[in-house]
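*Asks:* Quick one: the structure is below, questions incoming.
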Amino acid sequence: LVSEEEAQQRLCSDSVLLIRREDVLQRWTEDCSLSSLSENPSDPRWRDLDVEGQVWKMVLEADLDESGAKVAHIRIPAAYSSGVTLFTLQDSTLGRELLTEPEIPLL
Numbered sequence: 108l109v110s111e112e113e114a115q116q117r118l119c120s121d122s123v124l125l126i127r128r129e130d131v132l133q134r135w136t137e138d139c140s141l142s143s144l145s146e147n148p149s150d151p152r153w154r155d156l157d158v159e160g161q162v163w164k165m166v167l168e169a170d171l172d173e174s175g176a177k178v179a180h181i182r183i184p185a186a187y188s189s190g191v192t193l194f195t196l197q198d199s200t201l202g203r204e205l206l207t208e209p210e211i212p213l214l
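Residues 108 to 214 in the numbering used here are what the sequence shown spells out, letter by letter.
The structure is reproduced here in structure tokens:
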């Protein structure tokens, strides 16, 4: 059971995916073109999240090879939306109410 505030926070969170440092650096090569990350016209969230800048920061940290705190993840746009699944008996009062509620889509 979660509080209303916690449920609200979870349902309204940004759709982002965290990519681990190791996964980013493992795929990095000197000839990578990162500019395409910011120039994606179909999804401006790549630019808004400054994914290109996040990757550059991570690469520069790796090049410096200094000890200390380093960025653990980058954030990229995700193709999912948060949501919940509701279960109830179809013939119950609550079930009938949920089935007729216009703001709750049936999937």
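Every residue gets a Cβ at the ideal spot worked out from N, C-alpha and C, and that includes glycine.
Relative to the C-alpha of L108, which candidate in L201, P209, D155, V191 has its C-alpha closest?
*Replies:* Within the sequence shown, numbered from 1, the residue matching residue 108 stands at position 1. Taking only the C-alpha atoms, the option nearest L108 is V191.
*Asks:* Since R182 and V123 should fall inside the 8 Å C-beta cutoff, what is the C-beta to C-beta distance between them, to a whole number of angstroms?
*Replies:* Your numbering for residue 182 matches position 75 in the sequence shown. Your numbering for residue 123 matches position 16 in the sequence shown. Right, the Cβ-Cβ distance comes to about 5 Å (below 8 Å), so this counts as a contact.
*Asks:* Which first and last residues belong to the alpha helix (DSSP H) in which L196 is found?
*Replies:* For this step, residue 196 is matched to residue 89 along the sequence shown. From DSSP, L196 is part of no alpha helix (DSSP H); its letter is neither H nor E.
*Asks:* Classify G197: buried if its beta carbon has 16 or more other beta carbons within 10 angstroms, exposed otherwise.
*Replies:* In the sequence shown, residue 197 corresponds to position 90, counting from 1. The sequence given here places Gln at residue 197; Gly does not occur at that position. Taking a 10 Å sphere around the C-beta of Q197, we find fewer than 16 other C-beta atoms and assign the residue as exposed.
*Asks:* Give the single residue among R154, K164, L118 whose Cα lies nearest to the Cα of W135.
*Replies:* Here residue 135 corresponds to residue number 28 of the sequence shown, with the count starting at 1. The shortest Cα separation from W135 among R154, K164, L118 belongs to K164.
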